[in-house]
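Per the UniProt record's numbering, the very first residue in the sequence shown carries number 1; after that it's consecutive. Quick reminder that beta carbons are idealized off the backbone N, C-alpha and C, glycines included.
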Amino acid sequence: MFQALPYEGNRNDQFAAVLEQLKSLIHDEPSSIANLANASALLNSFLPDINWVGFYLFDGIELVLGPFQGLPACIRIPLGKGVCGTAAAERRTIVVDDVHEFPGHIACDAASNSEIVVPLVQGERLIGVLDIDSPLKGRFDQDERQFLEQFAGILTAQL
1 MFQALPYEGN RNDQFAAVLE QLKSLIHDEP SSIANLANAS ALLNSFLPDI
51 NWVGFYLFDG IELVLGPFQG LPACIRIPLG KGVCGTAAAE RRTIVVDDVH
101 EFPGHIACDA ASNSEIVVPL VQGERLIGVL DIDSPLKGRF DQDERQFLEQ
151 FAGILTAQL
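Take a look at the structure:
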């Protein structure tokens, strides 16, 4: 059973604790959907000042909404469109300090002002993306980017 505990120590200590929680949550669980659902819930409980966190999964043609926490969202995103589609097509993490300045941004929640998208890739195979939105501009920094890339790597290895 998962127990929400206060995250103590410095930021790196807190990141390490969340990564350990993720490993425990997905250990020996074969269901990708269950693992993605728990991963989004874990990030939602840990990250302050976010209004959406979840996954879009690549179906061979486009990204399709997967497990998430937040308001209802866009269901399908073509590769190369918006922040999610661009991160997926380019297979690289994208941090956007102000989504209103990102060409072709897809607005699912009008309250979102910044976003980070981390691709989920196994070898050359695109699985999907981890998408996190915040109502604050400039919400995501380099340390969080590295933490979320580690988080995605651990999760992807289990999918």
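Of the candidates 111, 77 and 46, 46 places its Cα closest to the Cα of residue 16.
Here residue 30 is exposed, its C-beta having fewer than 16 other C-beta atoms within 10 Å.
Along the UniProt domain "GAF" (10 to 159), the alpha helix (DSSP H) occurs as fully enclosed runs of 4 or more residues at 11 to 26, 32 to 46, 82 to 90 and 142 to 158, listed in sequence order. Between the stretch 51 to 61 and the stretch 95 to 102 there are fewer than three C-beta pairs closer than 8 Å, too few to call the two in contact. Here residue 119 is buried, its C-beta having at least 16 other C-beta atoms within 10 Å. Counting C-beta atoms within 10 angstroms of its own C-beta, residue 40 has 16 or more neighbours from the protein chains shown and is therefore classed as buried. Just measuring C-alpha positions, the residue of 53, 66 and 96 sitting nearest residue 142 is 96.
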